[in-house]
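Since the structure comes first, as C-alpha coordinates, the remarks are kept for the end.
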(Lines of atoms letter the chains of each structure in order from A and count residues from 1; the text may use other names and numbers.)
(Lines give C-alpha, C1' and ligand atoms only; values in the text may rest on other atoms or scores of the structure.)
Protein backbone atom coordinates (compact mmCIF):
# COMPACT_ATOMS: atom_id res chain seq x y z
CA UNK A 1 0.00 0.00 0.00
CA UNK A 2 1.43 3.36 -1.00
CA UNK A 3 1.36 6.29 1.40
CA UNK A 4 2.61 9.71 0.31
CA UNK A 5 3.41 12.89 2.19
CA UNK A 6 4.22 15.44 -0.53
CA UNK A 7 1.22 17.69 0.16
CA UNK A 8 -1.05 18.34 3.15
CA UNK A 9 -3.87 16.57 1.31
CA UNK A 10 -1.70 13.49 0.71
CA UNK A 11 -0.61 13.40 4.35
CA UNK A 12 -4.20 13.45 5.60
CA UNK A 13 -5.35 10.94 2.97
CA UNK A 14 -2.43 8.63 3.83
CA UNK A 15 -3.31 8.70 7.52
CA UNK A 16 -6.95 7.94 6.76
CA UNK A 17 -5.93 5.14 4.38
CA UNK A 18 -3.60 3.69 7.03
CA UNK A 19 -6.45 3.69 9.57
CA UNK A 20 -8.80 1.99 7.09
CA UNK A 21 -6.12 -0.59 6.27
CA UNK A 22 -5.44 -1.15 9.99
CA UNK A 23 -1.77 -0.50 9.26
CA UNK A 24 -0.35 0.56 12.62
CA UNK A 25 3.17 1.13 11.30
CA UNK A 26 1.89 3.44 8.56
CA UNK A 27 -0.28 5.31 11.06
CA UNK A 28 2.78 5.98 13.19
CA UNK A 29 4.75 7.14 10.13
CA UNK A 30 1.94 9.53 9.13
CA UNK A 31 1.97 11.29 12.49
CA UNK A 32 4.37 13.82 13.98
CA UNK A 33 4.27 12.94 17.67
CA UNK A 34 6.98 15.48 18.53
CA UNK A 35 4.86 18.40 17.29
CA UNK A 36 1.75 16.90 18.90
CA UNK A 37 3.66 16.71 22.19
CA UNK A 38 4.65 20.37 21.89
CA UNK A 39 0.99 21.34 21.32
CA UNK A 40 -0.15 19.41 24.35
CA UNK A 41 2.64 20.66 26.59
CA UNK A 42 2.00 24.27 25.57
CA UNK A 43 -1.67 23.86 26.50
CA UNK A 44 -1.23 21.98 29.76
CA UNK A 45 2.07 22.92 31.39
CA UNK A 46 2.24 26.50 32.69
CA UNK A 47 6.02 26.76 32.84
CA UNK A 48 6.66 24.68 29.73
CA UNK A 49 10.16 25.18 28.33
CA UNK A 50 10.45 24.75 24.55
CA UNK A 51 14.07 23.73 25.06
CA UNK A 52 13.21 20.74 27.27
CA UNK A 53 13.82 18.12 24.59
CA UNK A 54 13.66 15.23 27.06
CA UNK A 55 10.15 16.20 28.20
CA UNK A 56 9.02 16.64 24.58
CA UNK A 57 10.42 13.24 23.56
CA UNK A 58 8.92 11.48 26.60
CA UNK A 59 5.54 13.05 25.88
CA UNK A 60 5.77 12.09 22.19
CA UNK A 61 6.55 8.48 23.10
CA UNK A 62 3.62 8.42 25.54
CA UNK A 63 1.29 9.79 22.84
CA UNK A 64 2.45 7.13 20.37
CA UNK A 65 2.01 4.34 22.93
CA UNK A 66 -1.41 5.66 23.89
CA UNK A 67 -2.54 5.72 20.25
CA UNK A 68 -1.38 2.13 19.69
CA UNK A 69 -3.12 0.94 22.88
CA UNK A 70 -6.33 2.78 21.98
CA UNK A 71 -6.39 1.22 18.52
CA UNK A 72 -5.70 -2.25 19.93
CA UNK A 73 -8.47 -1.91 22.52
CA UNK A 74 -11.09 -0.02 20.49
CA UNK A 75 -10.34 -0.90 16.89
CA UNK A 76 -9.47 1.26 13.92
CA UNK A 77 -11.64 3.99 12.43
CA UNK A 78 -12.69 3.29 8.87
CA UNK A 79 -12.51 6.08 6.30
CA UNK A 80 -13.60 3.96 3.32
CA UNK A 81 -16.62 5.28 1.40
CA UNK A 82 -16.19 8.76 2.88
CA UNK A 83 -15.61 11.87 0.82
CA UNK A 84 -12.90 14.13 2.26
CA UNK A 85 -12.19 17.71 1.26
CA UNK A 86 -9.16 19.59 2.55
CA UNK A 87 -9.26 23.37 2.32
CA UNK A 88 -8.10 26.63 3.88
CA UNK A 89 -4.39 25.81 4.32
CA UNK A 90 -2.79 28.42 6.59
CA UNK A 91 0.54 28.74 8.32
CA UNK A 92 0.00 28.45 12.07
CA UNK A 93 3.57 29.06 13.23
CA UNK A 94 7.08 28.06 12.23
CA UNK A 95 6.77 24.75 10.34
CA UNK A 96 3.20 24.10 11.53
CA UNK A 97 0.19 24.56 9.26
CA UNK A 98 -3.52 24.09 9.76
CA UNK A 99 -6.17 22.91 7.32
CA UNK A 100 -9.89 22.36 7.57
CA UNK A 101 -11.32 19.02 6.56
CA UNK A 102 -14.91 18.37 5.56
CA UNK A 103 -15.90 14.71 5.60
CA UNK A 104 -19.14 13.63 3.97
CA UNK A 105 -20.54 10.27 5.03
CA UNK A 106 -22.58 7.99 2.74
CA UNK A 107 -25.81 9.25 4.40
CA UNK A 108 -24.71 12.84 3.54
CA UNK A 109 -23.88 13.71 7.14
CA UNK A 110 -21.08 16.28 7.12
CA UNK A 111 -18.38 16.55 9.76
CA UNK A 112 -15.74 19.29 9.86
CA UNK A 113 -12.49 19.35 11.79
CA UNK A 114 -9.20 21.24 11.91
CA UNK A 115 -5.98 19.37 11.33
CA UNK A 116 -2.54 20.64 12.29
CA UNK A 117 0.32 19.41 10.12
CA UNK A 118 4.07 19.74 10.27
CA UNK A 119 6.21 20.35 7.21
CA UNK A 120 9.84 19.26 7.64
CA UNK A 121 12.38 18.41 4.96
CA UNK A 122 9.72 18.37 2.25
CA UNK A 123 7.49 15.93 4.17
CA UNK A 124 4.02 16.67 5.53
CA UNK A 125 2.80 14.81 8.62
CA UNK A 126 -0.31 15.07 10.75
CA UNK A 127 0.50 16.56 14.14
CA UNK A 128 -2.91 16.96 15.74
CA UNK A 129 -6.56 16.61 14.82
CA UNK A 130 -8.74 19.11 16.64
CA UNK A 131 -12.21 17.71 17.15
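In the numbering used here, the protein residues as written are 1 to 131. Beta carbons are placed, not taken as given, at the ideal position from N, Cα and C, and that holds for glycine. Every value quoted in this text rests on a predicted model; they were computed, and no experiment measured them.
- Between the beta-carbon of residue 61 and that of residue 20 there is about 25 Å, and that puts the pair past the 8 Å contact cut.
- Per DSSP, the beta-bridge partners of residue 111 are 103.
- Approximately 10 Å separates the beta-carbon atoms of residue 28 and residue 15; this is outside 8 Å, ruling out the contact.
- A straight-line Cα-Cα distance of about 26 Å links residue 83 and residue 36.
- Secondary structure at residue 85: strand, using DSSP grouped into helix, strand and coil.
- Around the CB of residue 94, fewer than 16 other CB atoms lie within 10 Å, so the residue is classed as exposed.
- Contact between residue 97 and residue 103 does not hold, since their C-beta atoms are separated by about 19 Å, which reaches or exceeds 8 Å.
- A direct Cα-to-Cα measurement between residue 68 and residue 75 gives close to 10 Å.
- Residue 57 and residue 3 have their C-alpha atoms spaced approximately 25 Å apart.
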